[in-house]
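Just so you know, the sequences run in chain order A and B. For the record, in the first sequence the residue sitting at position 41 is 40 according to numbering that gives the first Met the number 0, with numbers rising by one throughout. For the record, in the second sequence the residue sitting at position 110 is 109 according to numbering that gives the first Met the number 0, with numbers rising by one throughout. Note that beta-carbon positions come from the ideal geometry of N, C-alpha and C, so glycine has one too. Just so you know, these numbers come straight off a predicted model, no measurement behind them. Working notes for the structure below.
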Amino acid sequence: MILDDFMTRAVLAGVGVAFAAAPLGSFVVWRRMAYFGDATAHAAILGVALSLALHVSIFAGAMAVALTMALTVTMLTGRGYAMDTLLGVLAHSALAFGLVAVSFLSGIRIDLMAYLFGDILAVSRGDLAVIWSGAALVVGLIGWRWSALLTATLSEELAYASAINPRREQLILTLALAITVAVAIKVVGVLLIAAMLIIPAAAARPLSRTPEQMALIAAVIGAGSAIVGLQAAYALDTPAGPSIVCVAALVFLGTSVLRSLGAGRGS
Amino acid sequence: MNLITVENINVGYGANTVLRNVSLAVAPREIVTIVGPNGSGKTTLLRALIGAARPSSGHITQKPGLRIGYVPQKLHIDPTLPMTVERFLRLPGRTVRAACAQALERAGVPDLLQRQMSALSGGQMQRVLLARALINEPELLLLDEATQGLDQPGSAAFYRQIEEVRKETGCAILMISHELHVVMSASDRVICLNGHVCCEGTPEIVSAAPEYRALFGSGTFGALALYRHEHDHDHDETCGADHAHHHPHSHKKTEAAE
């Protein structure tokens, strides 16, 4: 069967993450939440350690910690600390506590590198099911709230005036972020999740005229990067997750150059 | 029946009370202006009206099914967010293209439909925001210092547009303004706010009130002189004063006063 091939499973995993990351990443870019995504992802390593200790699924553990982290930051913001200070404190301490917690785990030797940088080539059928359900959930959630999320992103007051509660929309994005982090850990790892969120969306910006176009183009760029990156990793014997991110970064470079050429022509 | 009634609301942030015992009401087709110095709670009051700030006590009642159009002070669109004017106008959903075009027409900028929001000038942006507020045929239009950042001819033109809109649609208007000459020429009623309602009434009554003078009388002699001039002017003319003529005139006087 086709899913028996590890390469096919890897491509499917990468494409699944790219689909979830595209609309969410667009909002991360528009709302300047890049560091927020980073911090949530770093915290997930603590979730990995906890789930190994408690013998629950990595997905559940990572998701629970990512969600707790994101909610804590959302609640604490505006209570005397700047957002980036809070994120810095919480993200790095969660990462540190996670790494320390992992060292206490006796018995099983775990490959920490696999969670920091992802191990997309080791994706199983079960992982694929988790990744694609998670991606479908994220895309469904964001698609369902799309107009409200956009309005809340533009202006809090405009949202209130349209009977939209911007705090609820923020919560939905936070939830989507936690799900994405949890499903992407296996694919690109904790350290590169933010790259999958931000780089395809940023690369899509010069090519789009509307928010919907940007999210769609970001999905195409993300999925394309996953496919090309994996082929490159196979051919050149390079690490798979970072290769995917490198391809996306090159696309970003390309569209940025295109934009500056376009700006030069005055279009 | 009033479109919106505010009864004795108190609004604060943390321990800080911004509005104390504020009451007001807006009747259909009325133009009400709120004036007040910086930090007087004008914007907080408007935020309370749209539901963005919750009063700690008191009540805000709306006419059932009231349609509100809200024009914010300004809108910063992040350059990373691609957004055409048309997409922006259709944001609430279920808005058809013809309605977008009509709203832009009403707001005086019919040709902007395909432009990027981030490429609009300040004046164009304010009119697009006005168009968005008009799109659901509001009965009450809320304007939060909608001409901040526009030069004087620009804001005069904007307020002329607002008058046009009221003539055409018959909506009531509640606006915040620090531009006293605009307040005087266009409002049915002025509410002078400084944490609480200092005084309230027709432009003539408010301008003569000692509370108002205490707030605006010192340090703004130019504006006050201008305002008094307009005050006389309004008395000299009949109700059907030609506003197109009126505004450029006041503009000239302001420059003279400064």
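- For Ile33 of chain B, not one C-beta of chain A is nearer than 8 Å to its own C-beta.
- When C-beta distances to chain B are compared with 9 Å, the residues of the region 29 to 44 of chain A below that value are Trp29, Arg30 and Arg31, in chain order.
- Cβ-Cβ separation between Val16 of chain A and Ala42 of chain A: approximately 18 Å, too far for a contact (criterion under 8 Å).
- In the DSSP secondary-structure assignment, Arg258 of chain A is not bridged to any residue.
- Of B:Glu162, B:Asn135 and B:Gly57, the smallest CA-CA separation from Thr94 of chain B is found for B:Asn135.
- Asn7 of chain B has no beta-bridge partner at all, per DSSP.
- A distance below 8 Å between beta-carbons, with the five flanking residues on each side excluded, links Arg53 of chain B to the following residues of its chain, in chain order: Val10 and Ala47.
- With a threshold of 8 Å between beta carbons, Gln169 of chain A makes no contact with chain B.
- Residue B:His195 holds the alpha-carbon nearest to the alpha-carbon of Gly38 of chain B among B:His195, B:Glu199 and B:Arg188.
- Membership of Gln212 of chain A in the alpha helix (DSSP H) is indicated by the continuous run Pro210 to Leu235.
- The contact set of Pro210 of chain A on chain B, defined by CB atoms closer than 8 Å, consists of Leu80, Pro81, Met82 and Arg86 in chain order.
- In the three-state reduction of the DSSP assignment, Thr43 of chain B falls in the helix class, which pools H, G and I.
- Rounded to whole angstroms, the gap between the alpha carbons of Leu45 of chain A and Leu98 of chain A is 7 Å.
- Annotation: Cβ neighbours of Thr150 of chain A in chain B (cutoff 8 Å, chain order): Leu90 and Pro91.
- Listed in chain order, the positions of the region 186 to 216 of chain B with a beta carbon within less than 8 Å of a beta carbon of chain A would be empty, since no residue qualifies.
- When Cβ-Cβ separations below 8 Å define contact, Leu157 of chain A makes contact with chain B.
- Nearest CB-CB separation between Met195 of chain A and chain B: not below the 8 Å threshold.
- If you draw a straight line from the Cα of Pro152 of chain B to the Cα of Thr16 of chain B, it comes to about 36 Å.
- Annotation: Cβ neighbours of Ser161 of chain A in chain B (cutoff 7 Å, chain order): Pro91.
- At the C-beta level, Cys191 of chain B and Gly40 of chain B stay beyond 8 Å of one another.
- With fewer than 16 neighbouring CB atoms inside 10 Å of its own CB, Val55 of chain A falls in the exposed class.
- With contacts defined by Cβ atoms closer than 8 Å, Thr79 of chain B and Val28 of chain A form a contacting pair.
- When only Cα atoms are considered, Tyr80 of chain A and Ala69 of chain A end up about 15 Å apart.
- Gly125 of chain A and Ala202 of chain A have their C-alpha atoms roughly 31 Å apart.
- Around Leu103 of chain B, the same chain offers Pro109, Leu111, Leu112 and Ala130 as residues with beta carbons nearer than 7 Å, after the five sequence neighbours per side are excluded.
- Within chain A, the residues placing a beta-carbon under 9 Å from that of Tyr69 of chain B are Glu156, Leu157, Tyr159, Ala160 and Ser161, ordered along the chain.
- For Met124 of chain B, the uninterrupted alpha helix (DSSP H) segment begins and ends at Gly121 to Leu133.
- Classified as buried, Ser176 of chain B has 16 or more neighbouring CB atoms from the shown chains inside 10 Å of its CB.
- When DSSP states are grouped into helix, strand and coil, Tyr12 of chain B belongs to the strand group.
- Between Ala232 of chain A and Ala175 of chain A, the alpha-carbon positions lie close to 29 Å from each other.
- Contact check for Ala158 of chain A against Thr150 of chain A passes: the beta carbons are separated by less than 8 Å.
- Using a CB distance cut-off of 8 Å, Gly40 of chain B does not count as an interface residue toward chain A.
- DSSP places Leu141 of chain B inside the beta strand (DSSP E), whose first and last residues are Leu139 to Asp143.
- Look at the beta carbons and you see the region 77 to 91 of chain B not touching the region 59 to 67 of chain B: under three pairs across the two are nearer than 8 Å.
- Ranking A:Phe5, A:Leu260, A:Trp131 and A:Thr76 by CA distance to the CA of Phe58 of chain A puts A:Trp131 first.
- Within chain B, the residues whose beta carbon sits less than 7 Å from that of Met213 of chain A are Pro81, listed in sequence order.
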